[in-house]
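Undergrad: Those letters in the sequence shown? Residues 4 to 186, per our numbering, in order.
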Amino acid sequence: MTQLILYKEIIESIGAAGDALTKIVDGIKHLVVTGTSGYNYVAAERERKRLIEISARATNLQARHQARVVRDIDEFLKKNNPNAMDWYAVKGGITYVIENIKNLLDDVGKERSDFVLESAYSKLLEALGDRVSLLTKISELRLPNTQEEKDALRELNAEYKRLLSCFRDAIAMLNEYLSRSHD
């Protein structure tokens with residue numbers, strides 16, 4: 004499989020992951036709109052605090068670490084003649100983010116509140132798992148040498164930015180749900 008085909012596959016996967024996150028947002032938005040009367044997990048302050056902690060960690064991941072991936076790729080693409088060390092630095096940042104996502108995924112997977120009964124929970128697990136898979140694929144790409152490969156990397160980064168926006172929306176909806184459920 005050529006490097007360019009790999010880029011195209013990853014771009015499509017990122018787009019699909021963004022669509023999945025949009026569905027998570029819609030699911031949580033539905034919970035906000037319909038109210039929280041049927042959801043017992045918010046009554047238990049311990050579970051609520053745990054979900055708030057997960058939200059905080061997801062926010063930190065998105066704001067600090069995920070943005071680093073986008074910034075590193077943007078900087079790489081701005082260089083006139085990027086070399087293997089420049090690409091290695093991008094891949095190092097991606098590896099760091101992968102580890103952080105895996106840790107968050109493990110923690111979300113341990114969730115035992117009533118939130119696990121919501122479709123948004125399983126979609127969140129799936130989206131985080133997909134994110135690990137996508138970033139792993141990106142980290143395995145070779146140094147983009149041709150203009151076509153650099154253009155594909157630029158397109159990949161644009162799709163990844165859209166994915167981050169969807170992730171931000173999902174976190175915001177979770178936060179809104181948690182704040183309304185506490186009233």
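For every residue, glycine included, the Cβ atom is placed at its ideal position computed from N, Cα and C.
All values derive from a computational prediction rather than experimental measurement.
In three-state DSSP terms, what is Asn148?
TA: Here Asn148 sits in coil by DSSP.
Undergrad: Please confirm whether Asp109 and Asn160 have their CB atoms less than 8 Å apart.
TA: In this structure, Asn160 does not lie closer than 8 Å to Asp109 by Cβ.
Undergrad: Cβ of Val135 within 8 Å of Cβ of Ile97?
TA: No, these two residues do not count as a Cβ contact at 8 Å.
Undergrad: Which class does Thr5 belong to by DSSP, given the choice of helix, strand or coil?
TA: The answer is coil: DSSP assigns Thr5 none of H, G, I, E or B.
Undergrad: Between Ala61 and Leu7, is the Cβ-Cβ spacing less than 8 Å?
TA: No, Cβ-Cβ distance for Ala61 and Leu7 is not below 8 Å.
Undergrad: I need the straight-line Cα distance from Leu146 to Ile57, nearest angstrom please.
TA: Each residue's Cα considered, the two are about 35 Å apart.
Undergrad: Compare the Cα-Cα distances from Asp89 to each of Asn148, Ala173, Phe170, Thr5 and report the closest residue.
TA: Selected option, being the one with the closest Cα: Asn148.
Undergrad: Taking DSSP as the reference, what is the three-state secondary structure of Asn178?
TA: Asn178 falls in the helix class under three-state DSSP.
Undergrad: Which whole-angstrom value is the C-beta distance of Leu137 and Ile13, which I expect to be below 8 Å?
TA: With 8 Å as the limit, Leu137 and Ile13 qualify as a contact, their Cβ atoms being about 6 Å apart.
Undergrad: Could you give the distance in angstroms between the alpha-carbon of Leu82 and the alpha-carbon of Val73?
TA: Going by the sequence as given, residue 82 is Lys instead of Leu. For Lys82 and Val73, the distance between alpha carbons rounds to 15 Å.
Undergrad: Just to confirm, does Asn83 get its C-beta within under 7 Å of one of the non-hydrogen atoms of the ligand FMN?
TA: As presented, the structure is devoid of all ligands, the ligand FMN included, so that no description of it is given.
Undergrad: Which residues in the same chain have their Cβ closer than 8 Å to the Cβ of Leu80, if we skip the five residues on either side of it in sequence?
TA: Taken in chain order, the residues that qualify are Lys153, Leu156, Arg157, Asn160.
Undergrad: In its own chain, which residues sit with a C-beta less than 7 Å from the C-beta of Thr139, not counting the 5 before and 5 after it?
TA: Ile101.
Undergrad: Using the C-alpha atoms, what's the distance from Arg165 back to Glu15?
TA: Cα-Cα distance, rounded: 12 Å.
Undergrad: Report back the beta-carbon spacing between Leu181 and Leu64 to the nearest angstrom; my notes put them in contact at under 8 Å.
TA: Rounded, the Cβ-Cβ distance is 17 Å, inconsistent with contact.
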